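Trainee: Pasting a structure here, questions to come.
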Amino acid sequence: MSEYDARGKINRALLIGVHDYATLSGLPAVEDNPAELSRALTATDLFTADEVTLCRPAEPWELSQALKAAADEARGLLLVYFSGHGWVGSDGGDLRLMVGASVPRQSHTTVSWHDVVLSCLDSARAERIVIVLECCYAGNAGGAFHSHRKPMSLLMAAQPNRRIFSGEEPAGGTVFTRALVQILQNGIPGRRFVTFEDLVRELRVRLAGERTPMDDVWEPRSAKQNTVDDVVLSFATPEARLPIPPRVRLRRRFNQHVRPRLKLLLALVTALVLIAAGLVVRQLVLPPADCPPALELRLLTAPEAEPTLRQAAFDYEMSEANTRPLQGEGDLPAGCRRAQITVYSAAKDQIDQGFAAAVRWQGEARGTGGGAQDGKGTDPLYRPGPQPDLWIPESTADYEEARRGMPATGSPATLHNTGPVAYSPLVVGIPAGKRLDDVETVGASWQDLLTGTDSGHQDLKLLRPSPVLSGTGLLHTIGLYLANDGSHIGSSGAPDPALAEGAEQRLSAPGSQYADSTELLCSLRPATGADTAATGRAPAGAGRGDRSAPLVSEKSLADYNLGRAIGSCPALNGPLAPGDRYVAYYPRNVPALDHPLIRVDWRGTTDATARQAAVDHFADWLRAPDGGRPVLTAQGYRPVPGKDGTDPAPAPGSPLRSSRANADLDAPVIPFTAGTDQVARVLDGYDKAQKPSRLLLLMDTSTSMADGGKLPVALGAASRALEMVGDRHTYGLWTFPDRAHPGDPDAVRRAVPLGTVDPAPGKAALDKIAKGDLVDHGAAMEEALTAAVREMKKSSGSNQAIVLIMDEDDGRLRRAAGVEQRLTALLKEKPAVPVLTLVLDKAGCDTFALQGLAGASRGQCVPGGPQAPDLLAGLIASIGTAGKEDR
Amino acid sequence: MRNPRATWQAAALALTLTAAVSGCTSGPGPGPEKGPIVLATGSDLSSTGVRQALIRAFEKRTGRSVRIVELPDTADGQRSQLLAAGQSGSGAYDVLNLDVAWTAEFAEAGVIRPWGTSLDGDFLDSVVKTVDYDDKIWAVPFNTDAGLLYYRKDILAKYGHGSPPPDNWGQLKDLALTVTGAYNRALARKAEDGKVPEDRRMYGMVAQLRPYEGLTVNTLESAWATGGDPDATSFTKGEQVGALQLGVADLKDRLDTIMPHAAMTMDETESRRWFADGRALFMRNWPVEYASVAEKLTPGTQFDVAELPARPADGKRISVLGGQNLAISAGSKRPAGARALIEALTGPASERCLLERGFAATRDSAYRAAGKAPVCPLPPERGEHGATGQPWPGQEPPYTRTLYAALLAAEPRPRSAHYQTFSKVVQIRVSEYLGSRGGTAIADELAREADEALSGRGAQRARRPAEDG
């Protein structure tokens, strides 16, 4: 049986002794009982002096009040002792405790054991209750003894229906209590302490020789409720005392010193809480100070990274990092967002041109018009767009290239590279059904991959985003040229021209390149009815995905396999079918996309300090494990190393961990180590490996182009095409219908002759069109195109294409028979002249004629829209690639 | 509202108009201000078109030149650049062409200056709300816009449901289900394999549910149609949460029952393409798409437009107001010229020109019956050819009456300096909700986040668990 040890707890002993009665005989022996008992109880460690209350009630309420007080206060052990007259009814029930003024048979002058004492104790908060009754009929208390829930022990001085006092006992304590006190005071031999059960047993022994006034055997009784445990009532012992356990001391110290002050503490805390609550209510009632608009930051990135960074930027805006007051920045009301971030993207070459023409960028932004337009008609404020406060290109190579294009001095823009924020290794996607024999997915060199995909093996068409337009394309080209044999790229060393040429031989065919890697993958997605209908794009990729091997990043390949939104392709309901997926092959020692965060400082900015601090703050958050890092890895990027240099694995939620992503997390992240010169040499090698090309821009200039915002798109696309021309890539610009011969559907106006190198005349012609030089006549597209194709086919060169920018084929109603058939036949003749068509008509590319054109010429069709110029540029960029015609 | 006004007012207007046309306005002509007036605007204003023509007419009349700075080609990019440049104190622009949703933010950021005077009573009350912030007028409405319900008149009639189109969204859904069901069954019977090819199947409706500003617009309209208060400044108070929840739930219900899944990737152009291709019975879109639809479907016979469905409680048909306002840049060194240019571009005659050339005018007078309306002083557009030319030379477009009614009932988006963040919250949350399978209520969270966004403060909770890798 375990013993309840109440030491150190908040205990109470209510010791009631009534010796002086108004109507009943006095009990002088009782008078000393409480004091004696009190001394015994406080002699050991159980009760402290102030825990013991002595009570001599004259009125019933005095007893019940004292009882209630003790019951309320006790938390540990509550001991209630009554010594005085007791009285029962004729049936022996309802024991009544008699106080000084009690009159027998006047129950209201007495205290009911059942109704008052027990019911009061039942609601006590003490853990254990011990009651000692020393009165006549004390034994009758057992009959009504009950408790709903409290563990209670009851010690009755005698058996039922016994009187124990005659009133003639001498003063100086009663027999029972004297025995009680002795036991509690001296302990029991062989026992370390005195429990309730010990006490009962010992009392029986000691009182065995005593007789009640009625001459009965004096036999104390006991009862228990709601407990089988015993409870220690005294630590007195004739043996050696045990030391007080530390928990008891601690408990006591708390209860003695802290708890009395608890009320004060509580009062203080309550007051503080009330004040705080008042302030909060005040805040709610009086709205907090209005937040001013946050500092607007412009974040420029590559189209591939835009969705992820958009998400990260929004999370940052709403994060605590952006709303917590900063030291020294007390100018904002509490909790206001400090920065807001607009994320936008542009093709790499336009960003390069923008930084190169930073003077004009800033001039236009300031409205001062500073910085003349260059020959290519660069208008940085229109494209790439806003002047960035921070730029996150796909790789450090992009940054190096942009810096190379900037003037050494005098640029109003200064670029600060703060280092990578997220990685994605570069991969080659191999159709799941055409895994390469004897080539490891991780660790094989580019040479192995080139061999494994060549016509003697899996015969796959390698597709790469343009190195000019896309960061992925550039870095892949660097890997292909410099890590061809799988060796580590040092910070010097030039690409072998033969190697470059060999590699470019494999990256083949007009129409194979794309402005960015996500659009490339979008074009390969197996066609479903809903998709093509939603994007309005011809299912260009239908059926060619399983013959192609795209050079992309691990992240975009995972997105593709998992059926996530990619480029302009919306998300699918789930991952692609296993056979439609690509397996990621990681060419050895090819550096990963590292997404460096470049802070851009613009000269003359009045809030430069705040702006730079805001960018740095965001940059820190973006790399933090509890900030942007989980956002980036949840989107399929590899995290940057922690501050301790450890390489963290992508989080469990990373899409890369899905087996359906067909990625391999064992593939290492290779940091970018190539130098600025190497990037330049690689691009130079790329340029040299391309054959000269010829482009014919054929543009519909009928007045219908002026409607519905078509003309700006058409001119934007044509200007974009002109940006791609140069020494070895010549062009011509023809328009139709011809103002001189408006009635002749075959006539075209040769605004800029074929073979032109300088983009200026083309730009001038476009400006004229922009100012309204349109021909008010229907445009007969097929006739004009026939003329253009005839001209182009006169040359035997393989690297040429026609860019057809058209609204609607107005000639179709009056068209002579056979025009379309002849055009189709002509297009199929060698040499191939792919027709890259931009259609501004509402119908887009979904017409039989346009599909036929694209098919017969091995070209493509792009519908009008904001992305049209870049899509077209990607297609044009591939014209010069030295391709094998049959691919 | 303000339909025919007192005669003297019309006379006064006519006088102003004459003055404007004959070049005798009291506005400052060539004055002490040096250099061209710099107007910063999106690309749609800088090439051809009626707005460009109005600017050229101003140059001709006043002798002052206007230099147009072509801003980034997306609305987000324009806002970002104008705001950031304004905050950096590096803008020397005179006139800014601003989206109607940006007024509060640009005013608070000190990027634009107050217009200084009240606007004349000819401007539509609803439209004036978009330039009114903090009890001041900050810009002048240039062109406005209101969403309309496009419907296939021919197909509805064929299946026994003639005009008018359904009165509320519930009826629209039921009707769409009935009619498209019958239509597609008939199509299937004709098909060889008994199946309707996906690209010929008729859906009940299309709208702009891609996560961009269009989704915010459609969400607000849906919430307003279920009892939401367009003037409410909080979404967490009173009945606003309920209206928001009902609104997004209705939107999802329409997406799940009568719209194609692809609606979640649609913007104005894509949805219009579906409708014009005969793949949807109804479409919510702006009037600017009317001409494009009319290139493929015959207006008045095959399709027509109506106001958006009414909300059952009070019959209101509330659309979101679109459009652009012209404001004077805070840093302008040519404020008088800027003011003159704005007054000219937003005058009664100019607004009539805008209406005739396919824009929604901001002035009441522009919508008067021909003969009573101001006369557009621009020379007629170059002759039309084919069906694709400017369809309504010298007269009002066929949807004008409907548009006018829609504009009177239309309401601006929440006028807050933090609207942009609010819109981002709506786009992210509603897009997640629309794409989810269950129908878990999101209104409480959405409303709280929307309020946080509008307050300019941050999220009051951990947004996502920290990475444990």
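Chains as they are written, first to last, in UniProt numbering: chain A, 1 to 887; chain B, 1 to 469.
Idealized CB from N, CA, C, for every residue including glycine.
Bear in mind the structure is a predicted one, so any value in this text is a computation, not a measurement.
Using only CA atoms, which one of A:487, A:556, A:109 and A:490 lies nearest to residue 520 of chain A?
Mentor: The shortest Cα separation from residue 520 of chain A among A:487, A:556, A:109 and A:490 belongs to A:556.
Trainee: Can we say the stretch 632-643 of chain A touches the stretch 296-316 of chain A, given the rule of at least three CB pairs closer than 8 Å?
Mentor: Contact holds: three or more Cβ-Cβ distances are below 8 Å.
Trainee: 7 Å is my cut-off, CB to CB: does residue 773 of chain A come that close to chain B?
Mentor: It does not; no Cβ of chain B falls within 7 Å.
Trainee: Here's the rule I'm using: 16 or more other beta-carbon atoms within 10 Å means buried, otherwise exposed. How should residue 369 of chain B be labelled?
Mentor: Answer is exposed; the Cβ neighbour count stays below 16.
Trainee: Exposed or buried, which one is residue 106 of chain A when buried takes at least 16 other CB atoms within 10 Å?
Mentor: Residue 106 of chain A is exposed by the Cβ-count criterion.
Trainee: What residues from chain A crowd round residue 40 of chain B, counting only those whose CB sits closer than 8 Å?
Mentor: Simply 367.
Trainee: By DSSP's criteria, residue 416 of chain A is part of a beta bridge. Which residues make up the other side?
Mentor: Looking at the DSSP assignment, residue 416 of chain A forms a beta bridge with A:599.
Trainee: As a quick exercise: from A:614, A:22 and A:131, pick the residue whose alpha carbon is nearest that of residue 340 of chain A.
Mentor: Checking every option, the nearest Cα to that of residue 340 of chain A belongs to A:614.
Trainee: Sort A:157, A:436, A:427 and A:496 by Cα distance to residue 475 of chain A and report the nearest one.
Mentor: Of the listed residues, the one whose Cα sits closest to residue 475 of chain A is A:427.
Trainee: So with Cβ pairs under 7 Å, would you call residue 232 of chain B a contact of chain A?
Mentor: Output row for residue 232 of chain B: interface = no.
Trainee: Any C-beta of chain A sitting closer than 7 Å to the C-beta of residue 105 of chain B?
Mentor: Yes, its Cβ sits closer than 7 Å to a Cβ of chain A.
Trainee: Given a threshold of 16 other Cβ atoms within 10 Å of its Cβ, counted over all protein chains shown, does residue 876 of chain A qualify as buried or as exposed?
Mentor: By the neighbour-count rule (16 or more Cβ atoms within 10 Å), residue 876 of chain A is buried.
Trainee: For residue 679 of chain A and residue 395 of chain A, I'd like the C-alpha separation in whole angstroms.
Mentor: Taking the straight line joining both Cα atoms gives about 11 Å.
Trainee: Strictly below 7 Å CB to CB, what residues from chain A border residue 457 of chain B?
Mentor: In chain order: 291, 323, 335, 336 and 337.
Trainee: Taking beta-carbon pairs under 9 Å, can you tell me which members of the stretch 828-859 of chain A lie near chain B?
Mentor: Cβ contacts with chain B come from 841, 842, 843, 844 and 846.
Trainee: Please say whether residue 263 of chain B and residue 179 of chain B have beta carbons closer to each other than 7 Å?
Mentor: No, Cβ-Cβ distance for residue 179 of chain B and residue 263 of chain B is not below 7 Å.
Trainee: Helix, strand or coil for residue 79 of chain B, going by three-state DSSP, please let me know.
Mentor: Looking at residue 79 of chain B - three-state DSSP - the assignment turns out to be helix.
Trainee: Listing by chain order, which chain A residues have their CB less than 9 Å from the CB of residue 89 of chain B?
Mentor: Going along chain A in sequence order, the residues near residue 89 of chain B (Cβ under 9 Å) are 604, 605, 606 and 607.
Trainee: Would residue 848 of chain A be called buried (16 or more neighbouring beta carbons within 10 Å of its own) or exposed?
Mentor: When all chains shown are included, residue 848 of chain A counts as exposed.
Trainee: Can you tell me which of the three DSSP states residue 525 of chain A falls into?
Mentor: DSSP places residue 525 of chain A in coil when its eight states are reduced to three.
Trainee: Answer with buried or exposed for residue 322 of chain A, where buried requires no fewer than 16 other C-beta atoms within 10 angstroms of its C-beta.
Mentor: The residue in question, residue 322 of chain A, is buried, as its Cβ has 16 or more Cβ neighbours within 10 Å.
Trainee: As an exercise, report each continuous alpha helix (DSSP H) stretch of at least 4 residues that is fully enclosed by the stretch 132-180 of chain A, in chain order.
Mentor: The stretch 132-180 of chain A contains these whole alpha helix (DSSP H) runs: 141-144.
Trainee: Work out the CA separation of residue 413 of chain B and residue 423 of chain B for me, nearest whole Å.
Mentor: Going from the Cα of residue 423 of chain B to the Cα of residue 413 of chain B covers about 10 Å.
Trainee: So, with DSSP's three-state summary, where would you put residue 57 of chain B?
Mentor: Helix, per DSSP.
Trainee: Quick check: is the beta carbon of residue 310 of chain B nearer than 7 Å to any beta carbon in chain A?
Mentor: Answer no: the Cβ-Cβ gap between residue 310 of chain B and chain A never drops below 7 Å.
Trainee: CA-CA distance, residue 397 of chain B and residue 184 of chain B?
Mentor: Using only the alpha carbons, I get a separation of about 33 Å.
Trainee: Given 8 Å as the limit, is there contact between the stretch 601-608 of chain A and the stretch 485-495 of chain A, that is, 3 or more CB pairs closer than that?
Mentor: With a cut-off of 8 Å, the stretch 485-495 of chain A and the stretch 601-608 of chain A do not count as touching, because too few Cβ pairs lie within range.
Trainee: When the cut-off is 7 Å and only beta carbons count, does residue 586 of chain A lie next to chain B?
Mentor: So, not an interface residue.
Trainee: Under 7 Å between the Cβ atoms of residue 352 of chain A and residue 402 of chain A?
Mentor: Yes. Within cutoff.
Trainee: Put residue 67 of chain B into one of helix, strand or coil per three-state DSSP.
Mentor: Three-state DSSP puts residue 67 of chain B in a strand.
Trainee: Could you give the first and the last residue of the continuous alpha helix (DSSP H) run that contains residue 34 of chain A?
Mentor: Where residue 34 of chain A is concerned, the enclosing alpha helix (DSSP H) stretches over 33-43.
Trainee: Given a threshold of 16 other Cβ atoms within 10 Å of its Cβ, counted over all protein chains shown, does residue 888 of chain A qualify as buried or as exposed?
Mentor: Since the first and last residues shown for chain A are 1 and 887, residue 888 of chain A lies out of range.
Trainee: Which residue comes first and which comes last in the beta strand (DSSP E) that contains residue 553 of chain A?
Mentor: First-last of the beta strand (DSSP E) with residue 553 of chain A: 548-553.
Trainee: Put residue 204 of chain A into one of helix, strand or coil per three-state DSSP.
Mentor: Three-state DSSP puts residue 204 of chain A in a helix.
Trainee: Measure how close the beta-carbons of residue 385 of chain A and residue 346 of chain A come, nearest whole angstrom, since I'm counting them as under 8 Å.
Mentor: Correct: roughly 6 Å between the Cβ atoms.
Trainee: I want to verify the contact list: residues of chain B whose CB lies under 7 Å from the CB of residue 504 of chain A, in sequence order.
Mentor: Per Cβ cutoff of 7 Å: no residues; residue 504 of chain A is ~33 Å from chain B at best.
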